[in-house]
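Basically the numbering used here = 1-based index in the sequence shown + 1206.
Glycine included, every Cβ here is placed at the ideal spot set by N, Cα and C.
Only one structure is covered here, and it is reproduced in the block below.
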Amino acid sequence: MDVTVDGELVLPVAPGADQHPALDLANSAVALPAGHFVDLLGTPTAAERWLLAHDLVPAGAELHMREMCAARMRTLREQIRVLLDCLLAQHPAPTEAVAAVNDAMTKAPAASLLHWDAANGPHRATAHPTTQLVDHALAVLAADAADLLTTADAERLTACGSPPCNRYLLRHGRRQWCSTRCGDRVRAARAYARRS
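So this is what it looks like as structure tokens:
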């Protein structure tokens, strides 16, 4: 999801975040220049909008997100960020961060159960009543985080090289910035340093 401030595009989706919603979740708290900060999950309404934009809840679902659910999303985001930081620094991960991801994965039923009704006959479907929509979304995000950390994409994971940006991306070639704007900021700082 693009990062906007007052309706103005600040940063586009980081490379790889369109393939890994967990990467976009980790990038949903953005540090910007001049001490600005944008939290795309900062309110229940914003968190609900984020889930809908990522197709993690059915369109038209009456979610009525509460602060408790938005807080759970922010907590999972922070634990995923800890795991990404540990991977990049090649440090062991704290057990509580690993447990948070595993717990989120196991909260929602993943098995497609057998259903049989007059309209559809026998079929399999995973039931996700409205009360479990957030659990299901968090399970999907946690499973994606586990995939990101354990597949070949983990080797391409990097942090944006443009302070104060705190976003992650999947490297393509030599690119080390999450956006053109971050890359331009680094190049401008280098040019200024050469002139000084």
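Neighbourhood of residue i by C-beta distance below 6 Å, restricted to the same chain and skipping five residues each side
i, result
"H1329", "H1321"
"R1377", "R1362, T1364"
"D1341", "K1313, A1314"
"H1226", "D1350, L1354"
"N1372", "A1237"
Of the listed residues the options, nearest to residue i (C-alpha basis)
i, options, result
"M1279", "D1261, E1254, P1300", "E1254"
"L1238", "A1397, A1394, R1401, R1387", "R1387"
"D1390", "H1378, P1369, L1375", "P1369"
"A1345", "L1294, Q1225, A1394, M1311", "M1311"
"D1261", "M1274, P1300, A1343", "A1343"
"A1358", "G1222, L1217, A1324", "G1222"
"T1356", "V1304, R1396, R1380, A1394", "V1304"
"L1418", "P1218, A1259, Y1374", "Missing from the structure shown is residue 1418; the chain here goes from 1207 to 1402 and no further."
Span of the beta strand (DSSP E), counted from its first residue to its last, around residue i
i, result
"R1377", "From DSSP, R1377 is part of no beta strand (DSSP E); its letter is neither H nor E."
"A1237", "1235 to 1237"
"D1245", "1243 to 1245"
Test: residue i CB closer than 7 Å to a CB of chain D
i, result
"A1303", "Looking for chain D here will not work: only one protein chain is present."
DSSP state of residue i mapped onto helix, strand, coil
i, result
"G1327", "strand"
"T1364", "strand"
"H1321", "strand"
"L1293", "helix"
"L1217", "strand"
"G1389", "helix"
"M1271", "coil"
"A1232", "helix"
"P1369", "coil"
"D1359", "helix"
"P1227", "helix"
"L1262", "coil"
For residue i, the first and last residue of its enclosing alpha helix (DSSP H)
i, result
"D1309", "1301 to 1313"
"P1250", "1250 to 1259"
"D1353", "1339 to 1356"
Cutoff 8 Å; reference residue i; Cβ partners in own chain excluding five residues on either side
i, result
"V1307", "L1282, Q1285, I1286, L1289, A1348, A1351, A1352"
"R1272", "P1250"
"F1243", "A1235, V1236, A1237"
"A1360", "L1293, L1354"
Other residues of its chain near residue i: CB distance less than 7 Å, five sequence neighbours each side excluded
i, result
"C1256", "Sequence check: residue 1256 is Trp here, not Cys. The answer, listed in chain order, is M1207, S1234, L1246, L1247."
"A1276", "L1247, T1249, P1250, A1253"
"Q1338", "A1314"
"V1263", "L1257, L1269, L1339, A1343"
"P1300", "V1288"
"A1397", "none"
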